[in-house]
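Chemist: The sequence shown begins at 1 in this note's numbering and counts up one residue at a time.
Just so you know, even glycine gets a beta-carbon here, dropped at the ideal spot from N, CA and C.
Predicted, not measured: the structure shown is a model, and the values here were computed from it.
My structure is below; once you've seen it, I'll send some questions.
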Amino acid sequence: MTLLYEISYIFYLVVYQFRLIAPYWFAGVIAGAVISTYAGDFIGKLVLSLKGKEKFSPVAAGSAAFLGVVSPLCMYGTVPLIAYLGKNGAPQYLLATFMVSSILLNPNLLLLSFSLGVPIAILRLISSIMAGMLAGLLVKVLFDRKQLFSFECFEEKKKCSSEEKSYKKFISKLNKSILVTAPYFLVGIILTALFDKYFPKSIFVSLFSGNKGLGVLLSASLGVPIYLCGGGTVPLVKAWMNAGMSPGSAIAFMISGPATKLTNLGAVKIILGARNFTFYLAYCIIFAVVTGIIIDAFYGIIQ
């Protein structure tokens, strides 16, 4: 009887979390499919239109970062686009800006992040844009006369036929997005239910509330091995925040996680090479920790 009760209660938690977060996930999936189908080429052209900005321009960098955020492509879709832009004269700092922001956030994740609350979603958006802009500035300063990206071994994928109907492309992208993200989303919800039921809240509070700096560092470190898919980790982050995780720790996790996700790392290494790849890793982890500490300090002031 006890076992049946435990299973029933966990099932209740799963259904509760699903009803709470699923609308954000589905809205994000639809938004990603719409932008990918009808605005993907337009985004590439907009980035390419900035190629005349050889000197670092905050406006151009901010535009490239914003376009990276609204780009719904996964990294293996972003890499061909970056290669195309690079071969057509886009400055390296704009490529770096677009790449980093695109890795950290997309329309699907942004809408899903609103389930964590409007302030966290906005902070995630701002930090993703700032990460891209700062990466672009560092690339401009450190690699102005050096080659950062390498496209020698890269072959562009064939584009879809122009004769293919837009609505068919939309349905195809929507189905693919659902099939790819739904399993991770469900696993995340199940893990959230198990966390709510079995993990002692007092331990979590002592880890993340006693020392905010240590909590941010721990969160950034957890993002490296735990983060598999944004749709799966948002429910976990929501549970962690309810248990005492600070906003800065949550943002640090959501920066280091996608930046070091294995599939993203493999794609980034293709165009950066081994040496520059280590710079990318160090930058993302340091940025996650520093950003988390700043956000917690800000919250400490306003509270």
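Going by DSSP, what residue range makes up the alpha helix (DSSP H) through residue 362?
Modeler: The shown model of the chain, from 1 to 303, leaves out residue 362, and the question about it has no answer.
Chemist: Determine whether the beta carbon atoms of residue 295 and residue 248 lie at a separation below 8 Å.
Modeler: Yes, Cβ-Cβ distance for residue 295 and residue 248 is below 8 Å.
Chemist: Counting contacts by CB-CB distance shorter than 8 Å, is residue 280 in contact with chain C?
Modeler: Reference to chain C is not applicable here, since this structure consists of a single protein chain.
Chemist: Taking C-alpha atoms, which residue in 269, 251 and 96 lies nearest to residue 221?
Modeler: Residue 251 is the option with its Cα nearest to residue 221.
Chemist: Give the secondary structure of residue 145 by DSSP, where H, G and I count as helix, E and B as strand, and everything else as coil.
Modeler: Reduced to three states, the DSSP call for residue 145 is coil.
Chemist: Quick one: is residue 17 buried, meaning 16 or more other Cβ sit within 10 Å of its Cβ, or exposed?
Modeler: Classification of residue 17: buried, given that the 10 Å Cβ count is 16 or more.
Chemist: Could you pull the start and end residues of the alpha helix (DSSP H) that residue 101 belongs to?
Modeler: Unbroken alpha helix (DSSP H) run through residue 101: 92-104.
Chemist: Report all residues from its chain with a CB closer than 7 Å to the CB of residue 159; omit the five preceding and five following residues, and keep chain order.
Modeler: In this prediction, residue 159 has a pLDDT of 47, which is less than 50 and means its spatial position is unreliable; nothing more can be read from the coordinates.
Chemist: Starting from the C-beta of residue 119, find all residues in its chain whose C-beta is less than 8 Å away, skip the five residues before and the five after it, and write them out in chain order.
Modeler: Excluding sequence neighbours, residue 119 sits near 247.
Chemist: Do residue 254 and residue 268 have their C-beta atoms within less than 8 Å of each other?
Modeler: No, the pair does not count as a contact, with Cβ atoms beyond the cut-off.
Chemist: Does the distance from the CB of residue 79 to the CB of residue 107 come in under 8 Å?
Modeler: Result no, Cβ atoms of residue 79 and residue 107 do not sit closer than 8 Å.
Chemist: Can you give me the Cβ contacts of residue 100 inside the same chain, cut-off strictly under 6 Å, excluding the 5 residues immediately before and after it?
Modeler: Cβ within range, chain order: 131, 132 and 135.
Chemist: Using a Cβ-Cβ cutoff of less than 6 Å, which residues in the same chain neighbour residue 163 once the five nearest sequence positions on both sides are dropped?
Modeler: Confidence at residue 163 is low in this model, with a pLDDT of 42, below 50, so the placement of that residue is unreliable and no value is reported for it.
Chemist: Anyone know if the C-beta pair for residue 216 and residue 116 falls short of 8 Å?
Modeler: No, the pair does not count as a contact, with Cβ atoms beyond the cut-off.
Chemist: Are three or more beta carbon pairs between the segment 138-152 and the segment 168-182 nearer than 8 Å?
Modeler: Counting Cβ pairs under 8 Å, fewer than three are found: no touch.
Chemist: Use the C-beta contact count for residue 198: other C-beta atoms within 10 angstroms, 16 or more gives buried, fewer gives exposed.
Modeler: Exposed: under 16 other Cβ atoms inside 10 Å.
Chemist: How would you label residue 66, buried or exposed, when you count the other beta carbons within 10 angstroms and need 16 or more for buried?
Modeler: Classification of residue 66: buried, given that the 10 Å Cβ count is 16 or more.
Chemist: Ordered along the chain, which non-local residues of its own chain (more than five positions away) have a Cβ less than 7 Å from that of residue 95?
Modeler: Taken in chain order, the residues that qualify are 82, 85, 86 and 149.
Chemist: In three-state DSSP terms, what is residue 88?
Modeler: It is coil, neither helix nor strand.
Chemist: Nearest-angstrom Cα distance between residue 129 and residue 105?
Modeler: Each residue's Cα considered, the two are about 9 Å apart.
Chemist: Look up residue 163 in the DSSP assignment and say whether it is helix, strand or coil.
Modeler: The pLDDT assigned to residue 163 is 42, lower than 50, so where the model puts this residue is not dependable; a value taken from the coordinates is nonetheless given after this. It is coil, neither helix nor strand.
Chemist: With DSSP run on the structure shown, which of helix, strand or coil describes residue 45?
Modeler: Reduced to three states, the DSSP call for residue 45 is helix.
Chemist: Measuring CB to CB, does residue 259 end up less than 8 Å from residue 284?
Modeler: Taking 8 Å as the Cβ cut-off, residue 259 and residue 284 qualify as a contacting pair.
Chemist: Report the rounded CA-to-CA distance for residue 14 versus residue 190, giving the unit in angstroms.
Modeler: Approximately 6 Å between the Cα atoms of the pair.
Chemist: Label residue 278 either buried or exposed according to how many other C-beta atoms from any shown protein chain fall within 10 Å of its C-beta, with 16 as the threshold for buried.
Modeler: Exposed, by the Cβ-count rule.
Chemist: Under the three-state reduction of DSSP, which class applies to residue 150: helix, strand or coil?
Modeler: Coil.
Chemist: In whole angstroms, give me the CA-to-CA distance for residue 292 and residue 176.
Modeler: Looking at the two C-alpha atoms, the distance is approximately 33 Å.
Chemist: Where do the N-terminal and C-terminal ends of the alpha helix (DSSP H) with residue 68 fall, by residue?
Modeler: Here the alpha helix (DSSP H) through residue 68 covers 58-70.
Chemist: For residue 91, does the count of other Cβ atoms within 10 angstroms reach 16, so buried, or fall short, so exposed?
Modeler: When all chains shown are included, residue 91 counts as buried.
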